[in-house]
Amino acid sequence: MAISFSLKGKTAIITGANTGLGQGLCLGMAEAGANIVGVSRSDDSETERKAKALGAEYFSVKADLQSTEPIAGIIEKTIEKFGTLDILVNNAGIIRREDSINFSEKDWDDVMNVNLKTVFFFCQAAAKQFMKQGNGGKIINIASMLSFQGGIRVPSYTSSKSGLMGLTKLLACEWAKDNINVNGIAPGYMDTNNTEALRNDPDRSAEILGRIPADRWGLPEDIAGPAVFLASSASDYVNGYTLAVDGGWLAR
Ligand code: NAD
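Using our numbering, the first residue of the sequence shown is number 58, and each one after it goes up by one.
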């Protein structure tokens with residue numbers, strides 16, 4: 058059996074494509090040969106330019122994933138443009154920081170909506186499309202260290218990402234028989250907008266860096282290889298697993 062990491066001829070929807078890890082995911086999959094449907098709330102022209110420079114097709118879709126409303130249209134446009142859907146990466150996510158004792162209902166709902174509710178219904182819509190096509194498919198959910206650990210001052214984020222790791226296992230169990238692989242990637246501490254507040258706090262920043270065995274913050278390109286693996290046929294018998302890409306943080 059030939060082992061293949063190629064995504065040539067596959068179509069991948071990647072949410073939160075405009076920046077950070079989403080951009081790294083788009084470029085990794087583009088390099089592996091996939092057609093990219095980049096879903097963004099704001100201008101994603103930088104990702105588009107870089108993906109096209111790698112020889113990929115890039116189709117930009119604007120959507121606010123605070124609600125589930127755009128999901129059906131995104132899948133429809135993908136099929137219209139490329140004919141099939143093979144890979145879904147749920148990357149878009151938000152974080153709100155506040156002591157739990159003062160945490161607001163809005164900061165709870167906003168985070169749970171984007172990070173968990175929309176992700177579930179996107180997985181459901183993609184799986185229906187995969188089942189209709191009859192060739193299986195790949196779903197990758199972007200989890201977090203806080204799928205494994207508690208963290209501090211981010212109660213809705215920890216709940217959403219811990220829930221997401223559980224959901225990833227459940228969906229993997231239900232859909233494995235349809236050749237749909239549902240897995241997760243748990244990035245460690247990565248240098249993106251999401252961690253700007255931590256990196257700007259000298260104490261927290263030194264504390265975090267001092268615990269990372271790789272001795273550096275992660276970069277968007279660090280999750281590209283693991284994501285290509287989980288999107289390719291090389292991972293056909295990997296189901297329901299959340300892979301930490303964390304420079305050794307959890308091993309410590
Ligand atoms: P980021 O803030 O740079 O990117 C977040 C992305 O989500 C952006 O593209 C943003 O536009 C998109 N997004 C947010 N709300 C949206 C909405 N309502 N509709 C559409 N898109 C929306 O941060 P990032 O680090 O690149 O985050 C990407 C994912 O990785 C998130 O799920 C985050 O929780 C996760 N993550 C990040 C880290 C880290 O250290 N940076 C660690 C673990 C997990």
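Positions of the beta carbon are idealized from the N, C-alpha and C atoms, including for glycine.
Opposite residue i in the DSSP bridges: which residues?
i	result
M34	The structure shown does not extend to residue 34, since the chain spans only 58 to 309, so no value can be given for it.
A301	A243
N147	N198
F116	V94
N238	K195
A69	I93, I144
For residue i and residue j, I'd like the C-alpha separation in whole angstroms.
i	j	result
W274	N198	21 Å
I70	I136	11 Å
A110	D166	38 Å
N148	Y214	14 Å
V302	E126	31 Å
C230	N236	11 Å
G81	I280	7 Å
N257	S219	26 Å
G66	K185	20 Å
S201	R98	21 Å
A120	P270	38 Å
K134	V94	9 Å
Between the Cα of residue i and those of the options, spot the shortest distance and give me the residue it belongs to.
i	options	result
T141	N257, S201, M188, I60	M188
G194	Q80, A182, S201	A182
P101	V118, A59, G90, A113	Contrary to the premise, residue 101 reads as Asp rather than Pro in this sequence. When each option's Cα is compared against that of D101, the closest is V118.
L49	A254, E162, S217	Since the first residue shown for the chain is 58 and the last is 309, residue 49 is missing from the structure and cannot be characterised.
E155	P270, G66, P212, V302	P212
D272	N240, W306, R256	W306
S289	D166, L145, G207	L145
R210	N170, E133, A254, L227	A254
F139	N92, L221, W232	N92
G150	P270, G223, V96, G282	V96
Y246	R106, E264, V168	E264
L221	S292, A291, R261, T175	T175
L266	R309, P277, L287	R309
C83	Q206, G282, F160, G207	G282
I152	V171, I158, D143, K134	V171
I believe residue i touches residue j by the beta-carbon criterion, under 8 Å. Please report the beta-carbon distance rounded to the nearest angstrom.
i	j	result
F178	I128	6 Å
A108	A87	4 Å
N296	N238	6 Å
T225	T299	6 Å
L122	T76	At roughly 14 Å, the Cβ-Cβ gap does not stay under 8 Å, so L122 and T76 are not in contact.
S63	G90	5 Å
S204	A243	5 Å
Which complete alpha helix (DSSP H) runs does the stretch 260-294 hold, if anything under 4 residues is left out?
281-288
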